[in-house]
Each structure stands twice: as structure tokens, then as C-alpha cells.
Amino acid sequence: MHGLVFDIAHSLAGSLVLVSFMMLYQDRLYALLNTFALHAFVLALSVAWQAYIQNAPHLYVTAAIALVFKAIVIPVVLHRVIVKLGIHREIEKVVGVGFAMLAGMGLVALSMVVMLRVTAEADPLAREDLAFALSVVLLGLLMMVTRRNAVSQVIGFMSLENGLVLAATGAKGMPLVVEISVAFSILIAFIVIGIFLFRIRERFDTVDVSALDRFRGERR
Amino acid sequence: MIESFDAVAAVLLIPLAAAALLAVLPGYQLSARVNVLAALLTFLAALSLFFGRPQPGPYLLVDDLNNVFIVLTTFIGFTTSVFSASYIGHELEVGRLTPTYLRFYHAMYQILMFAMNLALLANNIGVMWVAIEIATLTTVLMVGIYRTHEAIEAAWKYFILGSVGIALALFGTILVYMAARPVIGEGTDAMVWTILITRAAAFDPALLNVAYVFLLLGYGTKVGLAPLHAWLPDAHAEGPTPISAVLSGLLLNVALYALLRFKMLMAVNPAALAPGPLMVTMGLVSLIFASFMLYRRRDIKRMFAYSSIEHMGIIVFAFGMGGALANFAGLLHMTMHSLTKSAIFFAVGHIAQVKGTQKIADMGGLTETHPVLGWGLVLGVVAIAGLPPFGIFMSEFLVISSTFARQPWLALPLVFGILVALGALFMHLNRICFGEPRGPVAKSDASYVPMFAHLAFVLMMGIYMPPAVVTWFQNVAKLLG
């Protein structure tokens with residue numbers, strides 16, 4: 020592995036983990052949305068770099084999808100949703116920022132330990148990519164559980180999917196079918212979520228998921 | 181050869197074409213009929229797979245294992261569509277659904293059938309993942325279709341938990357590819373199941389282990405295994421009852437099928453961790469947890485949803501034990517559970533419509549006011565509780581006896597869980613079907629054919645299993661290792 024090629028791929032994947040951390044402590048929806056756009060942008064760069072070093076032109080398509088769809092279209096649409104719903108206030112958190120950051124660090128350490136140990140045989144680039152990807156996935160999960168707001172849970176889910184795309188592109192020569200499906204599923208997921216957001220709005224006049232808690236559980 | 185290829189295509193294309201047609205077709209009676217017809221044709225096409233099947237291609241595959249699943253899926257898909265026709269008509273009269281939503285509902289029903297068939301037929305682990313994702317999304321939409329507070333909450337919960345599960349499963353799938361790549365080489369081949377299984381012995385065991393953990397958690401969420409089951413009772417209780425029947429009877433099986441495929445992959449590699457103990461533990465936890473949860477249920481559909489978790493626990497336990505007999509029992513139990521549970525949901529759907537509620541407290545004396553429905557439910561519950569002479573008794577007996585023969589101490593919690601569940605089911609059954617009639621007593625003009633067809637089949641399997649079925653299941657059990 021050439022030093023520079025490796026270093027660039029490495030630092031791009033590492034930046035993705037870093038941006039995931041940045042998303043953890045954003046407490047305003049607009050800021051969170053902008054950070055997510057940055058997340059998707061870094062992902063696009065990373066995928067494009069993978070396309071270049073693997074000499075796999077189809078990966079450029081994935082990169083373009085990440086750039087156009089996730090870094091531009093989704094943030095813009097969500098921005099409008101937020102304005103329309105009038106919820107650009109502070110995000111409630113279930114746990115504090117400090118705890119979330121500590122838990123995040125723990126998760127990253129965990130994924131490093133697990134992935135680096137089991138992939139000792141694999142080529143170093145794929146191996147570190149996978150470790151970073153797992154970190155991004157776990158941080159996305161963490162974000163979903165520490166937020167109560169439906170929009171930020173959705174953003175957490177999308178950052179999780181970004182981690183999956185990173186893993187899929189890091190796996191050299193993985194068939195195109197999966198990349199398209201990942202992009203496609205995000206599209207569908209987004210439509211579904213959009214519908215849900217409006218339905219939730221229609222019913223509860225809020226997008227705070229805790230409002231749903233009143234209706235959970237057994238009917239009495 | 182060419183004919184059998186058509187059968188595979190038909191199983192996939194009929195539901196797709198029907199979905200497109202149903203999306204534009206006005207009028208509920210016509211579309212309900214088209215729905216039934218499409219489901220019937222799909223079932224017939226699936227049946228024809230028994231008589232000739234194509235060579236596995238890079239994307240699609242038919243073998244002994246998935247043939248059973250496909251026929252079961254399309255059969256219950258067909259009977260549920262018959263039930264749905266009479267159920268949905270009533271919902272339309274009551275005004276819980278509008279004609280637009282009904283069109284949407286029918287189209288989604290067929291897309292769900294397509295997705296489940298694709299997941300079962302897929303020879304490519306990537307395609308299988310995509311199909312299960314589509315199936316999840318369609319059911320999310322259908323669970324939320326009533327747009328009540330509870331329905332939206334249930335759909336949201338299902339969507340979030342289902343997506344996380346499906347995401348973990350994708351990560352597991354990517355890891356399997358990573359493990360396969362050094363051995364098989366880059367490209368599509370490294371995701372084709374028939375190629376993977378022949379070369380899996382040479383895969384890196386450590387990578388495969390991690391992959392399996394992700395797959396177990398991911399697809400396990402969809403199976404409804406205990407710590408990951410939270411979405412299941414809500415989704416069953418709040419959606420339309422035909423969807424509850426399809427969820428319990430079919431979608432859980434499809435996710436289980438995915439798990440079984442990967443379990444076979446693990447079994448080929450001698451150095452990889454044995455998936456059995458993990459599955460046994462999760463199965464037992466689900467069984468015992470769900471058995472106790474059955475007692476305090478107030479909602480009839482929610483109660484039977486917990487019963488599904490319990491039975492999926494037994495099935496996963498049986499497959500986790502492995503070996504010819506336990507696998508045979510697991511397969512039989514899965515088939516019997518699908519048939520019985522969907523029959524129960526058919527009965528429950530009509531009961532809830534007659535009574536205008538799903539609360540157990542507001543129902544009573546059904547055998548007096550609605551003898552056919554009441555006794556149908558009694559038969560269904562007797563069957564699902566595992567009493568003779570029904571098929572579930574057979575399969576539970578086989579699971580228990582094979583466990584006694586190999587790991588006697590594991591049989592204790594198993595029997596305990598089954599007995600606890602039996603107590604809970606009969607406690608509720610007594611309240612619903614016997615005693616003072618409670619709630620409205622209006623006549624129900626429902627079609628009882630699907631319910632009794634399922635129950636008759638389950639009864640037959642309990643008394644006499646055709647030798648052809650036995651041989652077939654034995655072959656599949658051997659395949660599962």
C-alpha cells in the first residue's frame with residue numbers, strides 16, 4: 020500500500036468518525052442538519068477516493084448519490100420541514116452531552132478492538148475502513164437513542180446508513196447491486212419518514228417522539 | 181427446464197403486476213377479487229416448483245429448503261387474501277378505511293408478497309437483504325394505515341427498530357462478503373449463496389463470527405427474538421388484522437429463513453463459532469419471557485402477538501439444537517405455527533369486528549352468541565397451546581423429546597415455558613369464549629373457509645402426516661445440518 024494513498028483514505032474515514040462525534044453534541048436542529056450535510060460530504064469524498072484507488076468507476080456513482088442526495092437534497096428538504104413545523108428550537112436530550120461523548124468514545128474503542136482483532140488477515144486499508152465504518156454505525160445508533168426528537172432520530176439513522184456505505188465501499192469489489200440498494204433504501208426510507216413526520220404533525224402538533232409515549236402500551 | 185423457469189418468474193412477477201393493477205383499480209369488490217386471484221395464481225406457480233426447478237443462477241435459487249417456505253408463504257398469502265376480502269369490506273362500511281387507502285392497501289399487500297417471495301428465492305445475500313428491507317417498509321406502511329394515535333406510534337416504533345435491525349444485518353452481510361473475497365475473489369460471485377456454501381470452509385473464521393453476531397441481531401430483530409421484540413406486539417395489535425396474520429404467519433418466517441441460511445454457512449466452517457448455543461439461548465429467553473407476558477394482556481391481538489414471540493422462540497431453539505430430529509421438529513413447528521396463528525388471527529379479526537373492540541374484557545360467551553367463530557377460536561387456541569390431536573402437539577413433542585435425548589437440563593426451561601404459556605392462553609380463552617355473553621351480539625357475515633381450512637390441515641398433520649411430507653422435511657432437516 021502506497022503511503023499517501025493509504026493516508027488519504029485513512030484520514031477521510033477518520034474524519035467521518037469525527038463528524039459523527041460533532042453530530043452528537045449539536046443541540047439545535049439547524050446546526051445538526053448542517054453537520055449531517057458535512058457528514059454526507061465527507062462520505063462522498065471518501066467514496067470518491069475509494070473509487071479512484073480501487074479503479075472502480077461505479078463507485079463514483081455512489082459518491083455522486085451521497086453528494087447530491089444526502090449532502091444537498093435531504094438537508095434542504097428537512098430544513099423546509101423544520102421551518103414549516105416551526106420546531107427550530109433546542110433539542111431535548113435524554114442524556115447529557117458529556118455522557119453521550121463518553122459513551123461515543125467507548126463505542127469507537129469497542130469497534131476498533133473488535134474489528135482490528137478479527138480482520139488481522141485482511142488488507143490494511145479495508146481493515147481500518149471497516150473499523151471506522153463500525154464506529155460510525157454505532158455512533159449513529161447512539162444518536163438515535165439519545166435524541167427524542169423525530170427529526171434528529173431520522174438524522175441519526177441516516178448517519179448510520181452513511182457508515183454502512185463506507186463499509187460497503189471499503190470492501191473491495193463489492194457488487195454494485197448493494198450500493199444502489201443502499202442508496203435506494205435511503206430514498207424509500209426518507210419518503211416513509213417524510214410521510215410519518217407529517218402524520219405525526221397532523222395528529223399531535225409536535226414532532227417530539229415523547230408525545231407518542233402517551234399512546235404506547237396496552238389499551239386501557 | 182424452460183417451464184420451471186417460468187414458474188420462478190411467475191412467483192415474482194404476478195404479485196408485481198397485480199400490485200401495479202391494484203394501485204389504479206377503483207372499487208373495492210373488484211380489487212379484493214383481483215387480490216385473491218393474484219394470490220391464488222402465485223400459489224399455483226409456487227406449487228409447480230415441486231415438479232421441476234431451474235438451475236440456480238447468480239440471483240435466484242430454488243432448493244428443497246426454500247421450496248417449503250415459498251409454498252407455505254404463497255398458500256397463507258392466498259388464504260389471507262380471501263379473509264382480507266371479507267374483513268376489509270366491513271372496515272370500509274364502518275369507515276375505518278377510505279377507498280383511496282384501500283387501493284393503497286391492496287397494492288401494498290401484493291408488493292409485500294413479492295418482497296417475501298424474492299427474499300426466499302434470492303441466491304444472492306445482497307438481494308435477500310434488499311427484499312427483506314422492502315418487506316419491512318411495506319408492512320410499516322400497512323401497520324400505520326388506520327392513522328389512529330396507536331397505529332402511528334406502532335408504525336414509528338416498528339420502523340425505527342426494523343431499520344436498525346436491517347442496518348445491522350447489512351453490516352453483517354458486508355462482513356460475509358469481506359470474509360468471502362480473499363477465497364472467491366471480487367465481484368458478484370462472493371455474494372452468491374450457492375458459491376459461498378461450497379467455499380465457506382476456507383473463510384476467515386474470526387470475520388465470519390463477527391458477521392454472524394450482526395446477522396443474528398439484525399435478522400433476529402425481524403424474527404422478534406426476546407430482547408429485540410419491542411416492535412412486534414404493537415405492530416400486530418394496531419394494523420389491520422390480515423396484516424397481523426401475514427406478519428405472524430409469514431414475515432417472521434422469512435427473517436428466520438435468512439438466519440438459517442447463514443447458520444448453514446457457519447456450520448460449514450469448522451473453525452467458526454457454533455451458532456447453535458446462541459440461538460438456543462435467544463430462543464429460550466424469548467419463550468419464557470413471552471409466556472409470562474401472556475398473562476397480563478388486555479388486548480386480544482396483542483396477546484396473540486406475544487404468543488407468536490413464544491413460538492418463534494421454540495422454533496429458533498429447535499434449529500439451534502440442530503441435528504436431524506430437532507431440525508425436522510423446527511420445520512414442522514414453523515409450518516404448523518404459521519397455519520394455526522393465521523387461522524387464529526382470521527377468527528380474531530371477525531371477533532373484533534363484531535364486538536367493535538379488541539379489549540378482552542369486553543368480549544365473553546362467544547361460543548353462545550357466535551358458535552362458529554367461538555368454537556373456531558377455541559380450536560385454534562387448543563392447537564396453538566400444543567394440545568393433541570393438533571400438529572403443534574406433534575412438533576412440540578418432537579422438540580422436547582429430542583432435547584431430552586441430548587441435553588436433558590435444557591428441556592426443563594423449555595417445558596416450563598410451554599406450560600406457562602398454556603396456562604395463560606386458557607385463562608384468556610375461558611374469559612373470551614365461555615361464560616356470560618358480553619359486548620354486542622350482532623351477526624357476522626364473515627367467510628370462515630380460510631380459518632377452518634387451516635385448522636383442518638393442522639389437525640390432519642397431527643393425526644396423520646403423509647409420507648411424502650415426512651421425507652421432504654427429513655431431506656430439508658439433513659440439509660440444515
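Chains as they are written, first to last, in the numbering used here: chain A, 20 to 239; chain B, 181 to 661. Each residue gets a CB set at the ideal place from its N, CA and C atoms; glycine is no exception. The model shown is predicted, which means the values in this text are computed figures rather than measured ones.
Neighbour flag for residue i against chain A, beta carbons, 9 angstroms
{"i": "B/Ile375", "result": "no"}
{"i": "B/Leu355", "result": "yes"}
{"i": "B/Trp336", "result": "yes"}
{"i": "B/Arg663", "result": "Nothing in the structure corresponds to residue 663 of chain B, since chain B is present only between 181 and 661."}
{"i": "B/Gly400", "result": "no"}
Cβ pair residue i, residue j closer than 9 angstroms
{"i": "B/Ala678", "j": "B/Met322", "result": "This structure cannot speak to residue 678 of chain B, because chain B is shown only from 181 to 661."}
{"i": "B/Lys539", "j": "B/Asp479", "result": "yes"}
{"i": "B/Leu252", "j": "B/Leu474", "result": "no"}
{"i": "B/Ala657", "j": "B/Leu511", "result": "yes"}
{"i": "B/Asp384", "j": "A/Thr138", "result": "yes"}
{"i": "A/Ala63", "j": "A/Ala75", "result": "no"}
{"i": "A/Lys89", "j": "A/Met162", "result": "no"}
{"i": "B/Phe499", "j": "B/Leu405", "result": "no"}
{"i": "A/Leu153", "j": "A/Gly175", "result": "no"}
{"i": "B/Ala662", "j": "B/Glu418", "result": "The structure shown does not extend to residue 662 of chain B, since chain B spans only 181 to 661, so no value can be given for it."}
{"i": "A/Leu158", "j": "A/Ser39", "result": "yes"}
{"i": "B/Asn433", "j": "B/Ser518", "result": "yes"}
{"i": "B/Ile340", "j": "B/Ala331", "result": "no"}
Host alpha helix (DSSP H) of residue i (start-end)
{"i": "B/Gln533", "result": "Ala504 to Lys535"}
{"i": "B/Phe258", "result": "Asp244 to Val274"}
{"i": "A/Gln7", "result": "An answer regarding residue 7 of chain A cannot be provided, because it is not within the stretch 20 to 239 covered by chain A."}
{"i": "B/Val600", "result": "Pro588 to Cys613"}
{"i": "B/Phe637", "result": "Val629 to Ile643"}
{"i": "A/Ser154", "result": "Pro143 to Thr165"}
{"i": "A/Gly123", "result": "Val116 to Val137"}
{"i": "B/Tyr285", "result": "Pro279 to Leu301"}
{"i": "A/Asn181", "result": "Ala169 to Gly189"}
{"i": "B/Thr547", "result": "Leu546 to Thr549"}
Min CB distance residue i to chain B below 9 angstroms
{"i": "A/Pro194", "result": "yes"}
{"i": "A/Lys240", "result": "Here chain A covers residues 20 to 239 and nothing more, so residue 240 of chain A does not appear."}
{"i": "A/Glu180", "result": "yes"}
{"i": "A/Arg136", "result": "yes"}
{"i": "A/Leu153", "result": "yes"}
{"i": "A/Ala19", "result": "The first residue shown for chain A is 20 and the last is 239, placing residue 19 of chain A beyond what the model contains."}
{"i": "A/Leu35", "result": "no"}
{"i": "A/Val133", "result": "yes"}
{"i": "A/Ala128", "result": "no"}
{"i": "A/Ala59", "result": "no"}
{"i": "A/Leu160", "result": "yes"}
Neighbourhood of residue i by C-beta distance below 7 angstroms, restricted to the same chain and skipping five residues each side
{"i": "A/Tyr27", "result": "In the sequence as presented, Tyr is not what sits at residue 27 of chain A; that position holds Ile. Once the five neighbours on either side are set aside, the close Cβ partners of A/Ile27 are Trp68."}
{"i": "B/Cys613", "result": "Leu546, Thr547, Gly554, Leu557 and Val558"}
{"i": "A/Lys191", "result": "Gln73 and Ala145"}
{"i": "B/Ala380", "result": "Leu445, Val448 and Asn449"}
{"i": "B/Ala203", "result": "Arg283 and Ala287"}
{"i": "B/Ala391", "result": "Gly352, Leu355, Val356 and Ala359"}
{"i": "B/Pro617", "result": "Gly544, Gly545, Glu548 and Thr549"}
{"i": "A/Met41", "result": "Thr54"}
{"i": "A/Ser130", "result": "Ala150, Leu153, Ser154 and Leu157"}
Cβ-based neighbour list, residue i, same chain, cut-off 6 angstroms, excluding 5 preceding and 5 following
{"i": "B/Met293", "result": "Pro195 and Gly257"}
{"i": "A/Asp148", "result": "Ala32 and Gly189"}
{"i": "B/Lys402", "result": "Gly345 and Ala435"}
{"i": "B/Ser627", "result": "Ser266"}
{"i": "B/Gln587", "result": "none"}
{"i": "B/Ser428", "result": "Ser488 and Lys521"}
Listed by chain order, chain B residues near residue i by CB distance under 7 angstroms
{"i": "A/Gln69", "result": "Those do not exist, as A/Gln69 stays about 13 angstroms from chain B at its closest Cβ, beyond 7 angstroms."}
{"i": "A/Phe176", "result": "Ser343"}
{"i": "A/Ala9", "result": "Summary: the structure shown does not reach residue 9 of chain A, with chain A confined to residues 20 through 239, and so no result is reported for it."}
{"i": "A/Leu78", "result": "Per Cβ cutoff of 7 angstroms: no residues; A/Leu78 is ~13 angstroms from chain B at best."}
{"i": "A/Ala28", "result": "Residues of chain B passing the Cβ test: none, with the nearest at roughly 16 angstroms."}
Under 9 angstroms from the C-beta of residue i: neighbouring residues of chain A
{"i": "B/Ala389", "result": "It is Asn, not Ala, that sits at residue 389 of chain B in the sequence shown. By Cβ distance, chain A contributes Val137."}
{"i": "B/Ala386", "result": "Arg136, Val137, Thr138, Ala139 and Glu140"}
Cβ shell of residue i (< 8 angstroms), same chain only, five flanking positions each side left out
{"i": "B/Gly367", "result": "none"}
{"i": "B/Ile291", "result": "Pro195, Leu196, Ala199, Ile314 and Thr318"}
Chain B contact residues for residue i, given Cβ-Cβ distances below 9 angstroms
{"i": "A/Val156", "result": "Ala347, Leu348 and Phe351"}
{"i": "A/Ala150", "result": "What A/Ala150 touches in chain B: nothing, since even the nearest Cβ is about 11 angstroms away."}
Neighbouring residues, chain A, relative to residue i (Cβ below 8 angstroms)
{"i": "B/Ile340", "result": "Met163, Gln172 and Phe176"}
Listed by chain order, chain B residues near residue i by CB distance under 8 angstroms
{"i": "A/Leu183", "result": "Ala347, Leu350, Phe351 and Ile354"}
{"i": "A/Ala32", "result": "Correct list: empty, because the minimum Cβ distance to chain B is about 15 angstroms."}
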